[in-house]
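Comments concern the structure below.
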Amino acid sequence: MISEASKLIDVEQHTLRYWEEELELNISRNEMGHRYYKNEDIELLKAIKVLKEKGYQLRAIKMLIPTILKNNYSDLDNINPLRERCDKQEFEELPDNQAFASVDKLEQFNKIMKNLVTEALDNNNGILAEVINEEVTNSVIKEMDYLLRIKEEREEERFKRFDRTIREVQNAREQAAATKAFKKKKKYKFFN
Numbered sequence: 071m072i073s074e075a076s077k078l079i080d081v082e083q084h085t086l087r088y089w090e091e092e093l094e095l096n097i098s099r100n101e102m103g104h105r106y107y108k109n110e111d112i113e114l115l116k117a118i119k120v121l122k123e124k125g126y127q128l129r130a131i132k133m134l135i136p137t138i139l140k141n142n143y144s145d146l147d148n149i150n151p152l153r154e155r156c157d158k159q160e161f162e163e164l165p166d167n168q169a170f171a172s173v174d175k176l177e178q179f180n181k182i183m184k185n186l187v188t189e190a191l192d193n194n195n196g197i198l199a200e201v202i203n204e205e206v207t208n209s210v211i212k213e214m215d216y217l218l219r220i221k222e223e224r225e226e227e228r229f230k231r232f233d234r235t236i237r238e239v240q241n242a243r244e245q246a247a248a249t250k251a252f253k254k255k256k257k258y259k260f261f262n
């Protein structure tokens, strides 16, 4: 069963399923469709785990499986020469122009990505400049409105004080004139 195998190998069940699918392993199944692992399957999965822990990718492990089976799961410590041989074999299997084509495609991809990033930055810089311009304009307008309002309030207060002072002066003149007129009347009454 998969649960027992995952405990023996010390990996999660979903990892075993993933390896089975990606590495195209032929794990036996019972009449109910449940996986049952033979000792050979367990040993192979342990070898796969060791290779994964050494940093191998599943694609490289898939190429090494026939060699692992032929060596009877041993000699995993000396797997680097096998890996180099598989890498070399894989590269040699590619036609010459395909190897260069993949390099060209990578360069094209890099150029496309640079262009996309540059274009996105240019577009965003334009939009960002517009947004900043609008924000600054709005901020300046608000500040100007505030300053004008304060100026108007100060002028209004100044005019009110000026008006009050004029009225006080007028009242003082009227009182002075009334006092003067009253004194004149008194003088005339005194002599009459």
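Just add 70 to the spot in the sequence shown (first one is 1) and you have our numbering. We put the CB at the ideal spot given by N, CA and C, even for glycine. It should be emphasised that the depicted structure is a prediction, and the values quoted were computed from it without experimental measurement.
Exercise. Terminal residues of the continuous alpha helix (DSSP H) containing K122?
Worked result: N109 to E123
Exercise. Looking only at its own chain, which residues have a Cβ that is under 7 Å from the Cβ of N100, when we skip the five neighbours before and after it?
Worked result: Y106
Exercise. DSSP on L164, reduced to helix/strand/coil?
Worked result: Any reading at L164 must be qualified, since the residue scores a pLDDT of 48, below 50, and its modelled position is unreliable; the value itself is stated next. Looking at L164 - three-state DSSP - the assignment turns out to be coil, as it is neither helix nor strand.
For this session: Give the straight-line distance between the Cα atoms of Q245 and E222, rounded to the nearest whole angstrom.
Result: 34 Å
Exercise. Between which two residues does the alpha helix (DSSP H) containing Q83 stretch?
Worked result: Q83 to E92
Exercise. Sorted by chain position, which residues of the same chain lie with C-beta nearer than 8 Å to I79's C-beta, five sequence neighbours on each side aside?
Worked result: L86, I112, L115, K116 and K119
For this session: Report the rounded CA-to-CA distance for A75 versus V81, giving the unit in angstroms.
Result: 9 Å
For this session: Run the CB neighbour count on I236, radius 10 Å, all protein chains shown included, and call it buried at 16 or more, exposed below.
Result: exposed
For this session: Measure the CB-CB distance between I135 and L186 and report whether it falls below 8 Å.
Result: no
Exercise. What span of residues does the alpha helix (DSSP H) with I135 cover, start to end?
Worked result: L128 to K140
For this session: Please confirm whether I131 and L121 have their CB atoms less than 8 Å apart.
Result: yes
Exercise. Since S98 is in the alpha helix (DSSP H), which residue starts that stretch and which ends it?
Worked result: From DSSP, S98 is part of no alpha helix (DSSP H); its letter is neither H nor E.
Exercise. Quick one: what's R105 bridged to in DSSP?
Worked result: R99
For this session: Note down the Cα distance separating K184 from E200, rounded to an integer number of angstroms.
Result: 24 Å
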